[in-house]
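One structure is given here, and the rest of the page talks about it.
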Ligand code: SF4
Ligand code: SF4
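Residue numbers (my numbering), protein chains in the order written: chain A, 87 to 378; chain B, 4 to 192.
Printed below as a string of structure tokens:
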């Protein structure tokens with residue numbers, strides 16, 4: 087049974103609660119075991135790395151050091167923004183012994199690098215798990231056209247995130263969707279930025295970026311955009327009303343997480359997958375696959 | 004940009020370029036000015052100088068213009084530039100370094116909203132160890148004087164069970180505080 091340390095991050099219990107709910111439900115159904123990192127702290131997100139380089143490494147390094155107390159070899163962080171911060175720790179500290187010493191001098195428990203970061207997408211998109219998923223599909227998503235949206239931070243820059251997927255045209259989520267019976271559309275905005283935290287500080291810019299993504303997805307014929315990051319998801323889902331108002335459009339585009347769709351295909355109850363938590367009503371999607 | 008006497012400026016600010024190179028670990032002298040970084044930059048439409056121009060301006064020693072630019076605060080760290088650079092320069096990392104330098108040099112006026120947000124964000128981490136969204140929003144709005152920013156999302160977030168009314172305090176709060184304080188001492192702030 088695959089076993090991973092899980093770093094939920096601040097959003098999996100709040101803004102991205104449906105990502106958390108569906109992740110646990112799906113892991114259970116697929117026999118994946120998650121051990122939550124004990125007493126984890128916030129990774130510092132973009133605020134730390136915009137402000138201070140050492141801080142941006144020390145906060146996530148404390149988490150990785152705590153993960154080293156668990157009986158695991160790998161850790162996953164479902165939030166792409168958190169994932170990026172841990173990837174930066176691995177990348178920078180494995181190349182610079184001095185820096186590693188400096189960061190460790192800030193921590194109670196030293197970070198050794200024993201537990202490795204693994205892409206959250208990859209624990210589902212690897213060939214064995216895909217096979218497992220295919221075998222367990224009870225409610226095929228046949229006929230559902232999805233635009234897989236990876237955002238930036240799971241795939242860019244490849245040498246830091248250390249994940250074998252094409253940073254310009256990634257396939258991991260597309261492969262998962264195919265295994266569920268859905269039809270992943272080829273579309274050009276898979277890794278375009280949603281504006282990330284600009285939603286907080288420069289909203290007009292964020293609104294424009296979200297509008298571009300929503301429009302291209304709609305024009306590509308998508309029934310929904312599938313997200314893998316709670317930050318992107320929140321920008322596209324919660325802010326969709328403001329986008330529509332500003333641009334005089336009507337997308338009504340549901341933005342489920344990829345784990346919610348896996349759960350749907352595995353035949354799980356949409357309620358336990360947190361579909362009710364989405365802002366844009368996903369009823370159309372549920373109806374299309376016979377889950378409503 | 005106004006008029007700039009390049010030979011003078013270059014002489015005065017040579018050390019600044021070196022500092023940026025050292026801090027970011029990025030040898031921007033390798034830049035070919037191919038502008039691929041700017042071509043893919045999702046923030047370019049809202050920037051005053053494009054990412055490749057910022058790199059060029061750095062090389063020319065235009066410290067003030069760079070640190071006072073809108074660009075460094077529009078950049079959202081998406082890493083597209085870094086991914087695409089043909090000379091393997093981590094442009095996004097350079098942007099991080101420039102933001103940090105702008106704050107230190109007191110040039111962060113254009114980034115006021117960003118730095119306030121970051122300060123409030125980090126102060127909640129320092130106190131609780133984790134993010135407290137509701138507190139963050141309220142404090143941010145108070146400090147920016149924009150009281151009702153995102154207020155339309157508050158109630159729906161609550162109703163969906165997506166916003167917690169109270170912060171979660173981790174046990175290792177003292178460890179977190181130590182990290183902040185040790186860094187402050189190390190960097191002599
Ligand atoms: S992509 Fe790289 S080489 Fe090209 S202009 Fe940008 S920084 Fe310079
Ligand atoms: S990291 Fe910043 S400069 Fe680079 S492409 Fe993204 S927004 Fe533009």
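Think of the CB as a built atom: it goes at the ideal place given N, C-alpha and C, for glycine as much as any other residue.
When the options are compared against residue i, the one with the closest alpha-carbon
{"i": "residue 77 of chain B", "options": "B:93, B:102, B:87 and B:59", "result": "B:102"}
{"i": "residue 243 of chain A", "options": "A:332, A:339 and A:177", "result": "A:177"}
{"i": "residue 57 of chain B", "options": "B:36, B:89, B:191 and B:43", "result": "B:36"}
{"i": "residue 2 of chain B", "options": "B:26, B:109, B:16 and B:94", "result": "The displayed coordinates of chain B run from 4 to 192. Any statement about residue 2 of chain B would go beyond what the structure contains."}
{"i": "residue 46 of chain B", "options": "B:74, B:179 and B:69", "result": "B:74"}
{"i": "residue 112 of chain B", "options": "B:133, B:71 and B:8", "result": "B:71"}
{"i": "residue 427 of chain A", "options": "A:277, A:102, A:171 and A:89", "result": "No answer is possible for residue 427 of chain A: it lies beyond the span of chain A, which begins at 87 and ends at 378."}
{"i": "residue 167 of chain B", "options": "B:134, B:106 and B:185", "result": "B:134"}
{"i": "residue 69 of chain B", "options": "B:80, B:81 and B:52", "result": "B:52"}
{"i": "residue 208 of chain A", "options": "A:161, A:167, A:192 and A:326", "result": "A:161"}
{"i": "residue 106 of chain B", "options": "A:253, A:138, A:212 and A:157", "result": "A:138"}
{"i": "residue 156 of chain A", "options": "A:123, A:190, A:253 and A:319", "result": "A:123"}
{"i": "residue 98 of chain A", "options": "A:184, A:165, A:193 and A:257", "result": "A:165"}
{"i": "residue 257 of chain A", "options": "A:245, A:211 and A:289", "result": "A:211"}
{"i": "residue 121 of chain A", "options": "A:158, A:131 and A:130", "result": "A:158"}
Beta-carbon contacts of residue i that lie in its chain and below 6 Å, excluding the five residues immediately before and after
{"i": "residue 112 of chain A", "result": "345, 348 and 349"}
{"i": "residue 49 of chain B", "result": "77"}
{"i": "residue 83 of chain B", "result": "43"}
{"i": "residue 228 of chain A", "result": "267"}
{"i": "residue 85 of chain B", "result": "93, 94 and 95"}
9 Å Cβ cutoff met for residue i and residue j
{"i": "residue 249 of chain A", "j": "residue 180 of chain A", "result": "no"}
{"i": "residue 189 of chain B", "j": "residue 294 of chain A", "result": "no"}
{"i": "residue 165 of chain B", "j": "residue 100 of chain A", "result": "yes"}
{"i": "residue 275 of chain A", "j": "residue 235 of chain A", "result": "yes"}
{"i": "residue 92 of chain B", "j": "residue 61 of chain B", "result": "no"}
{"i": "residue 143 of chain A", "j": "residue 175 of chain A", "result": "yes"}
{"i": "residue 93 of chain A", "j": "residue 316 of chain A", "result": "no"}
{"i": "residue 135 of chain A", "j": "residue 240 of chain A", "result": "no"}
{"i": "residue 237 of chain A", "j": "residue 308 of chain A", "result": "no"}
{"i": "residue 170 of chain B", "j": "residue 130 of chain B", "result": "yes"}
{"i": "residue 108 of chain A", "j": "residue 343 of chain A", "result": "yes"}
{"i": "residue 148 of chain A", "j": "residue 90 of chain A", "result": "no"}
{"i": "residue 145 of chain A", "j": "residue 201 of chain A", "result": "no"}
{"i": "residue 104 of chain B", "j": "residue 185 of chain B", "result": "no"}
{"i": "residue 183 of chain B", "j": "residue 141 of chain A", "result": "yes"}
Own chain partners of residue i with C-beta closer than 8 Å, once the 5 adjacent residues on each side are dropped
{"i": "residue 87 of chain A", "result": "117, 118 and 119"}
{"i": "residue 352 of chain A", "result": "112, 115, 116, 219, 222, 223, 224 and 225"}
{"i": "residue 304 of chain A", "result": "337 and 339"}
{"i": "residue 232 of chain A", "result": "263, 268, 269, 270, 271, 308, 309, 310, 311, 312 and 347"}
{"i": "residue 299 of chain A", "result": "235, 275, 278, 280, 311 and 322"}
{"i": "residue 80 of chain B", "result": "95, 98 and 99"}
Inter-residue CB distance, residue i and residue j (contact presumed, cutoff 8 Å)
{"i": "residue 163 of chain A", "j": "residue 95 of chain A", "result": "6 Å"}
{"i": "residue 321 of chain A", "j": "residue 360 of chain A", "result": "Actually they do not touch by this definition, with Cβ atoms about 18 Å apart."}
{"i": "residue 340 of chain A", "j": "residue 310 of chain A", "result": "4 Å"}
{"i": "residue 232 of chain B", "j": "residue 100 of chain B", "result": "This structure does not reach residue 232 of chain B, given that chain B is present from 4 up to 192, and the question cannot be answered."}
{"i": "residue 125 of chain A", "j": "residue 173 of chain B", "result": "5 Å"}
{"i": "residue 127 of chain A", "j": "residue 179 of chain B", "result": "6 Å"}
{"i": "residue 116 of chain B", "j": "residue 133 of chain A", "result": "With 8 Å as the limit, residue 116 of chain B and residue 133 of chain A do not qualify as a contact, their Cβ atoms being about 13 Å apart."}
{"i": "residue 132 of chain B", "j": "residue 175 of chain B", "result": "6 Å"}
Close-in-space but distant-in-sequence residues of the same chain around residue i (CB under 7 Å, 5 per side omitted)
{"i": "residue 333 of chain A", "result": "297"}
{"i": "residue 186 of chain A", "result": "179"}
{"i": "residue 260 of chain A", "result": "234 and 270"}
{"i": "residue 328 of chain A", "result": "293"}
{"i": "residue 88 of chain B", "result": "39, 40 and 94"}
{"i": "residue 302 of chain A", "result": "273, 274 and 275"}
Any non-hydrogen atom of ligand 4 closer than 8 Å to residue i Cβ
{"i": "residue 133 of chain B", "result": "With respect to ligand 4, the structure shown offers nothing to examine, as its ligands consist of ligand 1 and ligand 2."}
Neighbour list for residue i in chain C, Cβ cutoff strictly below 7 Å
{"i": "residue 17 of chain B", "result": "Among the protein chains of the structure shown, namely A and B, there is no chain C."}
Enumerated in chain order, which unbroken segments of the alpha helix (DSSP H) with a length of 4 residues or greater are wholly contained in the stretch 319 to 377 of chain A? 326 to 333, 344 to 351 and 369 to 374
Curious, which full-length beta strand (DSSP E) runs of at least 3 residues does the stretch 188 to 247 of chain A contain? 202 to 204 and 231 to 235
Which ranges would you report for the beta strand (DSSP E) in the stretch 114 to 174 of chain A if only whole runs of at least 3 residues count? 119 to 122 and 160 to 162
Note down, one range per segment and in chain order, each alpha helix (DSSP H) of at least 4 residues found wholly within the stretch 31 to 90 of chain B. 39 to 42, 54 to 62, 66 to 70, 74 to 77 and 83 to 87
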